[in-house]
Structure formats: C-alpha cells, structure tokens
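K.L.:
Chains as they are written, first to last, in the working numbering: chain X, 35 to 497; chain L, 35 to 497.
Positions of the beta carbon are idealized from the N, C-alpha and C atoms, including for glycine.
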C-alpha cells in the first residue's frame, strides 16, 4: 500500500490520482487542491461566457463525488506550503488556516502555472474590483462573471490574441460588448504563421472586433471614464480605453513549492523532469504546466497544454505507485475554434525548425474538405513544413471552416509526426474517403503532394 | 521519351497518366477509355440520385479538357481488345468499329471491375429496359436515370446492403420511393461487426426503408405487375415485388485483357501484381480494381477501393516511366454516410485477424465527439480490435452522427496501423483538443484506453 500525496486538482494532479487508483486500488491517494474546484475544464471557461455552457458546474470533467467514488481523498481549499523531502512530509494549510503535515511514500506535484503579467505597470493596484481580469482559475471566472453582471461593461480591451484571447473576444462579442484586441506581434494567433493568422484576424474583425497588432502594452491606469491601456505601437505611444480589461498574455510555471524543496528549474523556468516525470528529488514526481515538456522534435522545452498535462499526470501517477510509464513526448498539437473558423497546428514551423537544426521548407496549399460536387464543400488552407534534406514531415498548420474536420486532420499529421513519417509517406496512408467527407486523396495528402511537388521542382531547377 | 499506353479511364488509369505526365513531361501518354467518361467519380453517383449533385457532369474529377491540358491523349469510346506482349502493341477498336494497333514502350492496364451478379437466375433476360439495374458506370447511371424519369417507379428492391446499396437506399428514399433492401448476411453493412451494423439498420429503417436480412436472392422475374425477386430466407422461400430492382452485390475483377495476355490470376480472381505494380509480363503494369491488393496486415488479398486504385495507379504511372515507387499497402479503410450517421472502419476485425494468424480481442466502447458541456456533443460508438498477446492495434470500427468527425478519426487509426503502433501508443499521441471539437483524451484515446483496461482486467483475472 502506497501513501500517495498529490498537490494540484487540475489536469495533471487528477490524472495522476485517477491512474494510480485505477492501477492500484490499494493505493491511498490524497489530492491537495488549492481551491474548491477540482478537475474543472479550464479550457471550457470561454464557453461559459458565450452562454453556451450553463451552469458553470457543468465545466467539471468529474464532480468531487465522482472523484471520491474512485477512492481518492480530496483536501479542498488547502494549500501545499512546504515539502520536507528527507522526511517525506507535505506541509499544508487548510481552509481554517490550520497547518498540518501529511506523511507520504510518494508525492506528485502538479501546481500548474500562473497568469503572466508581461511586465505591465499598474497591475499591483488593479484587479477584478477595478475591472482588470485574468482568466486562469474558477476564482477568476467568478470574479469576471460578477463584474459583467454588476457593471454591465459595454466595452473590453483584451490584451493578447492567443487561444484564450480569441475565444474571449468571441465570448464578449456574443454578449454584445465592443471588443478591442491588442496583440504584441505582427498578427493574431502567433502559434500559426502570419499568412494563416491573417485569416483569423479577418474572421474576428468581420465579427466586429477591433484588432490592433504590433502593440506592446506598457501600463494600465484607472481613470474617471474607465480603464486606460497605454501601449507602444510601431515605436509610438498609443492609448486605448474601455470599461474592462482582460489580460491573457500567457502563463509562467508555478514552481515555488518544488523550487524551495530543491528542484532544478529549466526551460521557461519550469521544473526539470525526465520522461518518467521524476524531479530528481527522492520520491517526488511532477507533471503539468509547472514542468518542462519533452517534445519529440525539439527535445526539452516549455509548452504548457492541457492535453500534455493529462498525459504527464497519467505517467506520474503510474510511476509513483511503481509503474514504468514514460511520457512519449509532445509534438505541440493545438486547435482553436474562432467564430466559424477552426485553426490547428502540430509540429514545427520554419523558425522553430531552423532553431532546432533542421532545414525546413514550408509550402502553402489549399484543398477542399470533401468533393466539391457534394454540397457544403469548403477549402482548407494548409502550410506544411518538411525537411528539405531528407523529406521528413516537421509540422502542419491548417485553417478551415467549422465542420471541415480540421481538428481531426491535424491529428493525422500529429500521428505521422509520432511515427516519424516523411511527407511522401503521407500520400501512402490509406485514409478514409466518401464524397460527403473527403476525397480519394484526402486534403491532407493533397497538401503533402504540393510540398513534394515543390521540392521536386526546386531539385530540377537546381535550387 | 517513353510511349506510355494506358487502358482504363477511371481512378487507376487516370492516376497513372497524371503521375507519368507530372514526372516526365516528355512521356507520350495515351489513355484508352472504353466509354466517353474518363475520370468520373463513380463514388459520387448516389448523390446524383439524391439530387444533391447536379448536373451529372460535375461528377467528373477533371474534365476531358483538364486531362488533355496535362499533355495526355485520350482515346474515348475505344475498347482495348488484345495485347501483343512480345511486339509491345495494343489492339484497340475505336468508336467506328475500326481496329488499330498502338505501339507502346510501356503499358499500364486499369480495366477495373465488373458488377457481380451473384449467381442470380433470370438476369440474362433482364436489364434496364425491364427495370433491372446495376450501378457501376456512367452508362448504368444514365440508364437508371432514364428509367426513373420515364416510368416514375414507386418502389424499388435493392439487392445488397453494402456501401453503394445503403447510399442508394437513401437516394431512392429521398426521391419518395418505397425501398426494400435485401441483405444476404445477418446484418447490413457487413464490413462492420453486426453490433455496429445494427445502428445503420436502425437508421435506414427509421427513414422508412424496409430492411430484410438473412435473405439470399435466387432469381428475378418480370411479371404483369412488376418485378418479382425470389429468395431464400432462413431456409424458406420468400418473394418480394417492386417496380424496379437495383443489384449492388459487389464486383469481380475485369481481367480478360490481361489474362489472355498471360497474366497470372490470384486472390479473388484478380491479376497478380507486385508492390511496384508489375504484372510479370514484360513492360506491362496494372493497377486498380482488376488487381490484387497488398494489405499491410493480411498480405495479398482482393479489396477493390477507389482510394487504393488512385495509389496503385500513381505507383504504376511512376514506375512505367522509370521510377521506383512502391505501393505502401492498404489497411482497408472505408467510410460511408448513411442518412445522418457515418460509419467507418480500418484494419481487421476479429474473424479477419484470426484467419490471418493474430490473437484478436475486440472491445466496444462509447465516447463523446467533444466535451459534453459544449452544445451538440454526440456519442461515437467504437469497436477496437487489438492483439491480446502483444497489444498491437489491429483495427477499429466507428459509428457516429454526421458532424462528429468520425471519418477523420478513422484516419488516426489508419495512420497508427501504418506506423505499427500498439493500442497503448494511441494514448500517447499528442492529438488536438478544444472543447467544441474534442476532449483532452480524444474519443479515439478513450476507446484505446477501454481496450487496454479490459486487457489488464483479463490478465489480473488470469483469463
């Protein structure tokens, strides 16, 4: 019987607890959760604000009762404050402020990440009470919900145009708010090449969102008529005002607990773990947004994603009770729906691949999601990245309308990346076809063939 | 400069011609086409009869002008009658009946398949004029179209409930006809296990189709009030009458031309080819529904599919002009939309796998296509087949509503089969996730985990 303590009630921690209980029903599993909302789908919060998900309780992947029914014990509203590594004891502070030490045989830490403030001045004095929000926890969700209900703000500035920023632009727009979206880089959704980001830009602009790119936010101030965001735009000052500001500029790993215990920090300031999720501290495992990510093409990096947290947590939970699991590695697969478009990506783009020592070439192409003669066909726009030297697939980016099965087409590329396939091999795959849902050469293969044809043309031209 | 003659204007022949012209613009490519409709999407014909595809010309993947613009020459309404193997000459009979010999350096034969008659008596005297149809060519399509327009039949019997039979049941129903669907086996869509075929049965029955399984058709007769189909049902005679009969009971390879030239016939009576699409006859290549299929899990079999014909044709075209391509192999991926359901499959089922020497176990499971809290989630029903000994993925069958991205989820399994992944490895794949389109563990992974959990349970139980 293993006494397994787990810190963190989100993806990594709960996945670890579920896996441990699944494999070893004798394991005594205690999960220490900082708030009262274990196993909530943080990725679903934007859809609470669009009104598509109601009530907020339905955002729970599993209820606390579901979790406890698996035999794990939940310690809610309890903060893990210190690890006594040698003594194998976890110090926690409960909801009533009392401090206690939990003895453990094995410990899994999944403390996740914290919202980044991107060095913006003025945030010490500004929070939900002043209409300045972040969105990372159910607490943040309730604060924003309350603010929207009480003040009925007519306008919002969203700082950041990544996945959550774009989803929240849709949510605020759906609520009838005027939205200004500020983005540091040259185009929205910077995890895609700007050629495809531009399609997302057009989509949100077409729904009335004012998009301002190339804008670095310096400070936020509260004034008599609302909040003022001060920024640099192309080297010149620019100010924006609105009733509400939402900061969604990324996250930083929450490493305090493990760092104090002596864990080593690595890529992105995250806790270094091996592919078995060992921290190097005896009997301490870690997983999720607080730890480094093993990437199949990049080696060790920092790439916090819910899917990865689930997988890392599962590995940590299995190994903590004596298993031999290994995190297979991320390929950076991501997808987002923005109004009527879906954008997906997996693997590397040119700049990532070059930095990692590859010789990438990216080729753009367009292919219909299904046979054009059947009603409802729409083009999917691809950017395929492959290695010029050996022809290996390095990455793929896709944008298409909702309904064009972009998300699961990204998965074909992701699976091919796991398999280490060349781009030519994509044409060999026996993919499904029926006219309402595909083509004899699936769109994925049309894009792969376009890449291969351009490579052949370059070779013939002696480039 | 290679003089390349190609027999057949459907998937295999045209794919060969396109590939040859793409890789070698000096190749002199002549395609001999038996009718006037090269490069038609035969898979699209049912959607012409639903009314979704109009006019019939839009069923062309490419027009004759598109094809000729690539530099190939088309000889339409021309029948290839004999191959002089030693002399490298192809005898053809043109539209005016004149016989001619075409000299070639290399020959690709893609004569496809012919509709099977399944040993049904009476068919010698019954054809489109009598209201008895098959559906394999544009000629068949026009004949059926004319019959529907002229006689306005109120009822149809469809013999066969495979892909085309089910699609045509939908088409006739959409036209207001009363449809009786006769199926030899115990359940419709016999390429899926009956547990999933039953869902398709329910779907078509729910749309008014009368489905009669376990029924072997013996003969068809024309009577004063319509056509009578005589059958055995559970050992007892049964008769069915209707205004029209459509026979869609599969195909047999059309091998006459190559067999007379001395080609060897193998699996399913199809022409034996190697993975380079060589027939063994000097300078003669073959591809498509007339040749055997190299299957990644079964070895050599006969499995005529349009996707395979495209790939084989591409290989034949490349090799005929001196290339070194190789058909990577089929895994039997297929998908069909039937009213509001989509059914897909790839790889092997229990009986196929057992016959091929595996030790298969199939596990059923259900997983939502996306997070249930987001509107529009629907369950996908899975049957995953894996090898009990080593845990390798052998096959997958999925049924879900149209819109649940079943087709592209089948592709994840198909790609994993090409990669030779174990079922546990499916859980490791970095698949895409956003709440409107998936789950942190995609439905594909939930199904894989269900299989793995049952295997673990059997091992614990000592089964």
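In three-state terms, what does DSSP make of residue 218 of chain X?
P.N.:
coil
K.L.:
Tell me whether residue 448 of chain X is buried or exposed, calling it buried when 16 or more other Cβ atoms sit within 10 Å of its Cβ.
P.N.:
By the Cβ-count criterion, residue 448 of chain X is buried, with 16 or more other Cβ atoms from all chains shown falling within 10 Å of its own Cβ.
K.L.:
To test your reading of the DSSP string, which unbroken beta strand (DSSP E) runs of 3 or more residues are found completely within the region 135-220 of chain L?
P.N.:
As far as the region 135-220 of chain L is concerned, its whole beta strand (DSSP E) runs of at least 3 residues are 140-143, 147-149, 166-168, 189-193 and 212-216.
K.L.:
Considering only residues of the same chain and omitting the five flanking positions on each side of residue 363 of chain L, which have a CB-CB separation below 7 Å?
P.N.:
328, 329 and 330
K.L.:
Rounded to whole angstroms, what's the CA-CA distance from residue 219 of chain X to residue 466 of chain L? Just pull it up for me.
P.N.:
24 Å
K.L.:
Using a Cβ-Cβ cut-off of 9 Å, state whether residue 445 of chain X counts as contacting chain L.
P.N.:
yes
K.L.:
Can you check whether the C-beta of residue 439 of chain L is within less than 9 Å of a C-beta belonging to chain X?
P.N.:
yes
K.L.:
Buried or exposed, going by whether 16 or more other CB atoms sit within 10 Å of the CB of residue 350 of chain X?
P.N.:
buried
K.L.:
Where residue 105 of chain L and residue 57 of chain L are concerned, what is the direct C-alpha to C-alpha distance, given to the nearest angstrom?
P.N.:
12 Å
K.L.:
Would residue 431 of chain L count as contacting chain X if we go by Cβ distances under 9 Å?
P.N.:
no
K.L.:
Taking CB distances under 9 Å as the criterion, tell me whether residue 464 of chain X reaches chain L.
P.N.:
yes
K.L.:
Does any C-beta atom of chain X lie closer than 9 Å to the C-beta of residue 417 of chain L?
P.N.:
no
K.L.:
Can you pull the DSSP bridge partners for residue 271 of chain L?
P.N.:
L/266
K.L.:
Using the Cα positions of residue 73 of chain L and residue 172 of chain X, report the straight-line distance between them to the nearest angstrom.
P.N.:
56 Å
K.L.:
How many whole angstroms separate the CB atoms of residue 246 of chain X and residue 273 of chain X, which I take to be in contact at a CB cut-off of 8 Å?
P.N.:
Contact doesn't hold; Cβ gap of about 11 Å is too wide.
K.L.:
If you measure beta-carbon to beta-carbon, which residues of the region 465-492 of chain X are closer than 9 Å to chain L?
P.N.:
Cβ contacts with chain L come from 465, 466, 467, 468, 469, 470, 471, 472, 473, 474, 475, 476, 478, 487 and 490.
K.L.:
Whole-angstrom Cβ separation of residue 307 of chain X and residue 326 of chain X, contact assumed at under 8 Å?
P.N.:
6 Å
K.L.:
Consult DSSP for residue 469 of chain L and reduce its assignment to one of helix, strand or coil.
P.N.:
coil
K.L.:
Which word fits residue 415 of chain L, buried or exposed, when buried means at least 16 other C-beta atoms lie within 10 angstroms of its C-beta?
P.N.:
By the 10 Å Cβ count, residue 415 of chain L comes out buried.
K.L.:
With distances taken from CA atoms, which of X/390, X/35, X/193 and X/381 is nearest residue 266 of chain X?
P.N.:
Closest in alpha carbon position to residue 266 of chain X, among X/390, X/35, X/193 and X/381, is X/193.
K.L.:
Measure from the alpha carbon of residue 68 of chain L to the alpha carbon of each residue in L/143, L/413 and L/95, then state which is nearest.
P.N.:
L/143
K.L.:
Consult DSSP for residue 132 of chain L and reduce its assignment to one of helix, strand or coil.
P.N.:
coil
K.L.:
What in chain L is Cβ-close to residue 409 of chain X, meaning under 9 Å?
P.N.:
81, 86 and 87
K.L.:
So what's residue 74 of chain X in DSSP terms, helix, strand or just coil?
P.N.:
strand
K.L.:
Which same chain residues end up closer than 7 Å to residue 527 of chain X when comparing Cβ atoms and leaving out the 5 residues on each side of it in sequence?
P.N.:
Residue 527 of chain X lies beyond the stretch modelled for chain X, which goes from 35 to 497, so this question has no answer here.
K.L.:
Give me the chain X residues within the contact set of residue 200 of chain L, using Cβ-Cβ distance strictly less than 9 Å, ordered along the chain.
P.N.:
Within 9 Å Cβ-Cβ: nothing; residue 200 of chain L doesn't reach chain X, min ~11 Å.
K.L.:
Answer yes or no: do residue 75 of chain L and residue 474 of chain X have a C-beta to C-beta separation smaller than 9 Å?
P.N.:
Note that the C-beta distance between residue 75 of chain L and residue 474 of chain X is below 9 Å.
K.L.:
Using 8 Å as the threshold, is the region 396-411 of chain L in touch with the region 365-379 of chain L, meaning 3 or more CB pairs across them?
P.N.:
no
K.L.:
Just the C-alpha distance for residue 79 of chain X and residue 190 of chain X, rounded to the nearest angstrom, thanks.
P.N.:
17 Å
K.L.:
Between the beta-carbon of residue 369 of chain X and the beta-carbon of residue 379 of chain X, is there less than 9 Å?
P.N.:
yes
K.L.:
Within the 9 Å Cβ cut-off, does residue 56 of chain L reach chain X?
P.N.:
yes
K.L.:
When DSSP labels each residue in this structure, what does residue 39 of chain X get in the three-state scheme?
P.N.:
strand
K.L.:
For a cutoff of 9 Å on Cβ pairs, would you count residue 348 of chain X as touching chain L?
P.N.:
Chain L, which has a Cβ nearer than 9 Å to the Cβ of residue 348 of chain X, makes this yes.
K.L.:
Comparing C-alpha positions only, which one of X/297, X/60 and X/302 sits nearest to residue 316 of chain X?
P.N.:
X/297
K.L.:
Could you tell me which residues DSSP pairs with residue 253 of chain X in its beta bridges?
P.N.:
X/155 and X/264
K.L.:
Residues of chain B with CB closer than 7 Å to the CB of residue 367 of chain X, please, in chain order.
P.N.:
No chain B is present in this structure, whose protein chains are X and L.
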